[in-house]
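Student: Pasting a structure here, questions to come.
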Amino acid sequence: MKNYFPKLSMNKKLALIAFVLGLIAVFAGNPYRGNSVTMDAKELALIIDKQADHVSSEELADWIVQGKSDFKLLDLRTEREFNEYHIPSAELVPMTELNEYPLLRNEKLVLYSEGGIHSAQAWMLLRAKGYKAVYMLFGGLEEWTDKILFPKLAQNATPDQTAAFEKMKEVSKFFGGSPQVGGTAEEISAKKLMPKLEMPSGTSAPTAGKKKKKEGC
Amino acid sequence: MQSTSTEVQHAPKPYWNPYLSGIGLGLVLLLSYVIMGRGLGASGAFSSLVATGVSTIAPEHAKANEFYNEYLADTTKSPLKDWLVFEVLGVLVGGFISGALAGRIKTTVEKGPRISVKGRLFYAFIGGTIMGIGAKLARGCTSGQALTGGAVLNVGSWAFMLAVFGGAYMIAYFFRRQWK
Amino acid sequence: MNIPFFKYGLFGDDVSLVIAFIIGIGFGFFLERGGFGNGRKLAAQFYFNDLTVFKVMFTAIITAMVGIYYLSVIGWMDLSLVYVSPTYIVPQTIGGLVLGFGFVIGGYCPGTSCVSAVTGKIDGMVYLLGIVVGIFVFGEIYPLVSNFYNSTPMGQITLSQLFNIPYGILVFAVVLMAIGGFAAAEWAEKKLGNKIVEP
Numbered sequence: 003m004k005n006y007f008p009k010l011s012m013n014k015k016l017a018l019i020a021f022v023l024g025l026i027a028v029f030a031g032n033p034y035r036g037n038s039v040t041m042d043a044k045e046l047a048l049i050i051d052k053q054a055d056h057v058s059s060e061e062l063a064d065w066i067v068q069g070k071s072d073f074k075l076l077d078l079r080t081e082r083e084f085n086e087y088h089i090p091s092a093e094l095v096p097m098t099e100l101n102e103y104p105l106l107r108n109e110k111l112v113l114y115s116e117g118g119i120h121s122a123q124a125w126m127l128l129r130a131k132g133y134k135a136v137y138m139l140f141g142g143l144e145e146w147t148d149k150i151l152f153p154k155l156a157q158n159a160t161p162d163q164t165a166a167f168e169k170m171k172e173v174s175k176f177f178g179g180s181p182q183v184g185g186t187a188e189e190i191s192a193k194k195l196m197p198k199l200e201m202p203s204g205t206s207a208p209t210a211g212k213k214k215k216k217e218g219c
Numbered sequence: 018m019q020s021t022s023t024e025v026q027h028a029p030k031p032y033w034n035p036y037l038s039g040i041g042l043g044l045v046l047l048l049s050y051v052i053m054g055r056g057l058g059a060s061g062a063f064s065s066l067v068a069t070g071v072s073t074i075a076p077e078h079a080k081a082n083e084f085y086n087e088y089l090a091d092t093t094k095s096p097l098k099d100w101l102v103f104e105v106l107g108v109l110v111g112g113f114i115s116g117a118l119a120g121r122i123k124t125t126v127e128k129g130p131r132i133s134v135k136g137r138l139f140y141a142f143i144g145g146t147i148m149g150i151g152a153k154l155a156r157g158c159t160s161g162q163a164l165t166g167g168a169v170l171n172v173g174s175w176a177f178m179l180a181v182f183g184g185a186y187m188i189a190y191f192f193r194r195q196w197k
Numbered sequence: 731m732n733i734p735f736f737k738y739g740l741f742g743d744d745v746s747l748v749i750a751f752i753i754g755i756g757f758g759f760f761l762e763r764g765g766f767g768n769g770r771k772l773a774a775q776f777y778f779n780d781l782t783v784f785k786v787m788f789t790a791i792i793t794a795m796v797g798i799y800y801l802s803v804i805g806w807m808d809l810s811l812v813y814v815s816p817t818y819i820v821p822q823t824i825g826g827l828v829l830g831f832g833f834v835i836g837g838y839c840p841g842t843s844c845v846s847a848v849t850g851k852i853d854g855m856v857y858l859l860g861i862v863v864g865i866f867v868f869g870e871i872y873p874l875v876s877n878f879y880n881s882t883p884m885g886q887i888t889l890s891q892l893f894n895i896p897y898g899i900l901v902f903a904v905v906l907m908a909i910g911g912f913a914a915a916e917w918a919e920k921k922l923g924n925k926i927v928e929p
């Protein structure tokens, strides 16, 4: 074999190399990564420690009010819950479909669930799959409801708190919520009526015009 | 057609061994997959060009047409600011570099001895038109489907490739006067 | 390794256009090297005189296919991120036939006609013009053919999934087919008197 190979013409050498590479391929296995993922434990721990893994409801509300469209908002709850209420511009992605859902590695993803557990789990999964820009909504939809839709002002609020509340009132109205002043906790929760599912006026739907062009020829 | 004097002095170099050109081409394709996650293409760039042209002249007409609209959908940037358009610009430059290095740049008409220049150009135009329609119907051409899809074992691309060779061999006999 | 780089967000859209240009240069260069800028050489394929088109194309396909396969098997490349254009089997087969007709009649395909035009071939330039007209014609008749165009969708599917054959075995099969084809091509060219088309 050693003496034989150099004597071949170049075309035959190339053919032989191709043949050997092809033959090895039969035994080398499946090229798809499938459902298993790998993760860098230290890197993940660092991100979590630096709290660079979440956005607050205020930040998210700000982005939507400003009409930012550089991120994708993913709702991880069930379809029924999604139809009852979801944050404007969110897309429904039930946990079981997360693995197949078409997401790009280079787009910013914001996850939310009812509380924070599902989004934290999904965050781990996506990070492990190599999605770099994944964030979860801190406190989930619960905090969104409390802080954005129904912000309250305590009766004995400091001037700072009052100022912040005044600002938040606008944001809250934008999302169809109702700011609450004073009153007891029970009173307020009784009045909570989730806003209707309509895009707030004044913003263009962030998903419009983003239709991906096909990559083919 | 006449060739210019400087080119006559050097005989053009022969083409490379086809397997070496093939490996070179394959590595470029591989590089495109490695860097971009997508293959090569050509006809898509012309679609962007046509869609841009139509929407410049008749914007309403282009908007109403789903085919043009696909290339115009992203309103945040010009449809010509497209991956394939820039790739094809590169093809023009790369082809010129290779041709220039080998002394193969020459104003001429490639044809068989039994057909007039006019006849050949007529057929080239008709062939191009048919190719344009076929490439769009097949969602890609020899670069975008056969080569690119072939390398990732895409079902549609392999069916397409067989059909291209089939179609060409089917009618080659009737057009032999053009080439032989 | 995070391959494909772009899908992992290692650079943005603007950089990708620069890369497109550079990759295009490589593409055009090797097309011209192989003789794909010459309509006579391309057409000779269909008269069995010069089977360069087949040789170059299939060498390129198996080179890229084997490369993609091994990069994925060793875990450097995520094959699921590679774009596989969706299959519409009937319109693509019919489109392929039509394109084959155009190939013999005109002598080029879109990529090769670019190389041909830029190396001074008038027929290549006229052919390019034809493509633009053809695409325009297709665009205008699109409302009439859109039903057919979108018929028989099969989604993003590979031969491996269609036939339920492991990917690696298919890689080997395609390599074997190609080598067999090359041997047959060499034999046929010799048999027909080596009428290789030169520039």
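Protein chains in written order, with the working numbering: chain A, 3 to 219; chain B, 18 to 197; chain C, 731 to 929.
Note that beta-carbon positions come from the ideal geometry of N, C-alpha and C, so glycine has one too.
Where does the unbroken beta strand (DSSP E) through C/M884 begin, and where does it stop?
Tutor: By 1-based counting over the third sequence, the position of residue 884 of chain C is 154. First-last of the beta strand (DSSP E) with C/M884: P883 to G885.
Student: Is the shortest distance between the beta-carbon of A/P208 and the beta-carbons of chain B less than 8 Å?
Tutor: Taking the first sequence and counting its residues from 1, one reaches residue 208 of chain A at position 206. Caution is warranted here: a pLDDT of 39 is assigned to A/P208, below 50, making its placement in the model unreliable, and the coordinate value is therefore given only provisionally. It does not: the Cβ of A/P208 has no partner Cβ on chain B nearer than 8 Å.
Student: Residues in the segment 22–45 of chain A with C-beta within 9 Å of chain C's C-beta atoms, listed in sequence order?
Tutor: Of all residues in the segment 22–45 of chain A, L23, G24, L25, I26, A27, V28, F29, A30, G31, N32, P33, Y34, R35, G36 and T40 have a Cβ within less than 9 Å of some Cβ in chain C.
Student: Closer than 8 Å by C-beta to A/P96: which residues in its own chain qualify, once you throw out the five before and the five after it? Chain order, please.
Tutor: Sequence index remark: in the first sequence, residue 96 of chain A carries index 94 (1-based). Counting only Cβ-Cβ distances below 8 Å, and skipping sequence neighbours, we find L78, R79, T80 and E81.
Student: Taking buried to mean at least 16 other C-beta atoms within 10 Å of its own C-beta, is C/M907 buried or exposed?
Tutor: To locate residue 907 of chain C, count along the third sequence from 1; it is residue 177. Exposed, because fewer than 16 other Cβ atoms sit within 10 Å of the Cβ of C/M907.
Student: Residues in its own chain within less than 7 Å of C/G911 by CB, not counting five upstream and five downstream?
Tutor: Here the question's residue 911 of chain C lines up with position 181 in the third sequence. Closer than 7 Å at Cβ, skipping near neighbours: F784 and F788.
Student: Hey, how far is the Cα of B/I147 from the Cα of B/A141?
Tutor: Taking the second sequence and counting its residues from 1, the one referred to as residue 147 of chain B is at position 130. Taking the second sequence and counting its residues from 1, the one referred to as residue 141 of chain B is at position 124. Each residue's alpha carbon lies about 10 Å from the other.
Student: Could you check whether C/S815 and B/N171 sit closer than 8 Å to each other, using their CB atoms as the reference points?
Tutor: Taking the first residue of the second sequence as 1, we reach residue 171 of chain B at position 154. Taking the first residue of the third sequence as 1, we reach residue 815 of chain C at position 85. A contact, by the Cβ cut-off of 8 Å.
Student: Scan the segment 35–54 of chain B for residues whose Cβ lies nearer than 7 Å to a Cβ of chain A and list them as they occur along the chain.
Tutor: Those would be Y36, in chain order.
Student: Just by C-beta distance, which residues in the segment 76–97 of chain B are closer than 8 Å to chain C?
Tutor: Within the segment 76–97 of chain B, the residues whose Cβ lies closer than 8 Å to some Cβ of chain C are N82, E83, F84 and Y85, listed in chain order.
Student: State the start and end residues of the unbroken alpha helix (DSSP H) segment that holds B/V71.
Tutor: Sequence index remark: in the second sequence, residue 71 of chain B carries index 54 (1-based). Its alpha helix (DSSP H) spans residues S60 to I74.
Student: Identify whether C/T888 lies in helix, strand or coil by the three-state DSSP scheme.
Tutor: Locating residue 888 of chain C in the third sequence gives position 158, where the first residue counts as 1. DSSP places C/T888 in strand when its eight states are reduced to three.
Student: Between which two residues does the beta strand (DSSP E) holding B/Y32 run?
Tutor: As a working mapping, residue 32 of chain B is identified with position 15 in the second sequence. Segment: none, B/Y32 is in no beta strand (DSSP E) and carries neither H nor E.
Student: Are any of the Cβ atoms in chain A nearer than 8 Å to that of C/S808?
Tutor: On the third sequence, residue 808 of chain C is found 78 positions in, with the first residue counted as 1. According to the sequence displayed, residue 808 of chain C carries Asp and not Ser. By this cut-off, C/D808 is an interface position.
Student: Does B/E156 get closer than 8 Å to chain C when you measure Cβ to Cβ?
Tutor: One-based indexing of the second sequence puts residue 156 of chain B at position 139. With the sequence shown as reference, residue 156 of chain B is identified as Arg, and Glu is not the correct amino acid for it. It does; some Cβ of chain C falls within 8 Å.
Student: Look up B/N171 in the DSSP assignment and say whether it is helix, strand or coil.
Tutor: For the purposes of this step, residue 171 of chain B is taken as residue 154 along the second sequence, with counting starting at 1. Strand.
Student: Would B/L154 and C/P840 qualify as a contact pair, given that the criterion is a beta-carbon distance under 8 Å?
Tutor: To locate residue 154 of chain B, count along the second sequence from 1; it is residue 137. To locate residue 840 of chain C, count along the third sequence from 1; it is residue 110. No, the Cβ-Cβ distance between B/L154 and C/P840 is not below 8 Å.
Student: On the DSSP bridge assignment, give the partners of A/E93 in chain order.
Tutor: Counting from 1 along the first sequence, the entry for residue 93 of chain A is found at position 91. Beta-bridge pairing links A/E93 to A/L76.
Student: Taking the C-alpha atoms as reference points, what is the distance between A/L25 and B/G145?
Tutor: Taking the first residue of the first sequence as 1, we reach residue 25 of chain A at position 23. Taking the first residue of the second sequence as 1, we reach residue 145 of chain B at position 128. Roughly 40 Å between the two C-alpha positions.
Student: Which same chain residues end up closer than 7 Å to C/L900 when comparing Cβ atoms and leaving out the 5 residues on each side of it in sequence?
Tutor: Locating residue 900 of chain C in the third sequence gives position 170, where the first residue counts as 1. So the list reads L889 and S890, once near-sequence residues are dropped.
Student: How is the alpha helix (DSSP H) around C/Y872 delimited, first residue to last?
Tutor: Position 142 of the third sequence, counted from the first residue, corresponds to residue 872 of chain C. Start and end: I852 to Y879.
Student: What in chain C is Cβ-close to A/A130, meaning under 9 Å?
Tutor: Here residue 130 of chain A refers to the residue found at position 128 of the first sequence. Within chain C, no residue comes near A/A130; the closest Cβ sits about 12 Å away, beyond 9 Å.
Student: I want to see whether chain B comes within less than 8 Å of C/V803, judged by CB atoms only; does it?
Tutor: If you number the third sequence from 1, residue 803 of chain C lands on position 73. Cβ-Cβ to chain B under 8 Å: no for C/V803.
Student: Go ahead and pull the three-state DSSP assignment for A/H120.
Tutor: For the purposes of this step, residue 120 of chain A is taken as the residue at position 118 of the first sequence. Helix at A/H120.
Student: Nearest to B/N34 by alpha carbon, out of C/V845, C/V786 and C/F893?
Tutor: Taking the second sequence and counting its residues from 1, one reaches residue 34 of chain B at position 17. It is C/V786 whose Cα lies nearest to the Cα of B/N34.
Student: Tell me which residue opens and which closes the beta strand (DSSP E) that A/K110 is part of.
Tutor: The residue you call residue 110 of chain A lines up with position 108 of the first sequence. Unbroken beta strand (DSSP E) run through A/K110: K110 to Y114.
Student: With burial defined as no fewer than 16 other Cβ atoms inside 10 Å of the residue's Cβ, what is the status of C/G750: buried or exposed?
Tutor: Position 20 of the third sequence, counting from 1, holds the residue named residue 750 of chain C. In the sequence as displayed, the identity of residue 750 of chain C is Ala instead of Gly. Classification of C/A750: buried, given that the 10 Å Cβ count is 16 or more.
Student: Measuring CB atoms only, is the segment 34–53 of chain B touching the segment 121–134 of chain B, in the sense that at least three cross pairs come out at less than 8 Å?
Tutor: Judged by Cβ distances under 8 Å, the segment 34–53 of chain B makes no contact with the segment 121–134 of chain B, as fewer than three pairs qualify.
Student: Going straight from the alpha carbon of A/A63 to that of C/A903, what length do you get?
Tutor: Mapped onto the first sequence, residue 63 of chain A falls at position 61. Mapped onto the third sequence, residue 903 of chain C falls at position 173. Distance between the alpha carbons of A/A63 and C/A903: 55 Å.
Student: Name the DSSP beta bridge partners of A/Q182, please?
Tutor: For the purposes of this step, residue 182 of chain A is taken as residue 180 along the first sequence, with counting starting at 1. According to DSSP, which records beta bridges pairwise, A/Q182 is partnered with A/K154.
Student: Compute the distance between the beta-carbons of B/G184 and C/L772, then report whether it is under 8 Å.
Tutor: Within the second sequence, numbered from 1, the residue matching residue 184 of chain B stands at position 167. Within the third sequence, numbered from 1, the residue matching residue 772 of chain C stands at position 42. Cβ distance not < 8 Å, so B/G184 and C/L772 don't count as in contact.
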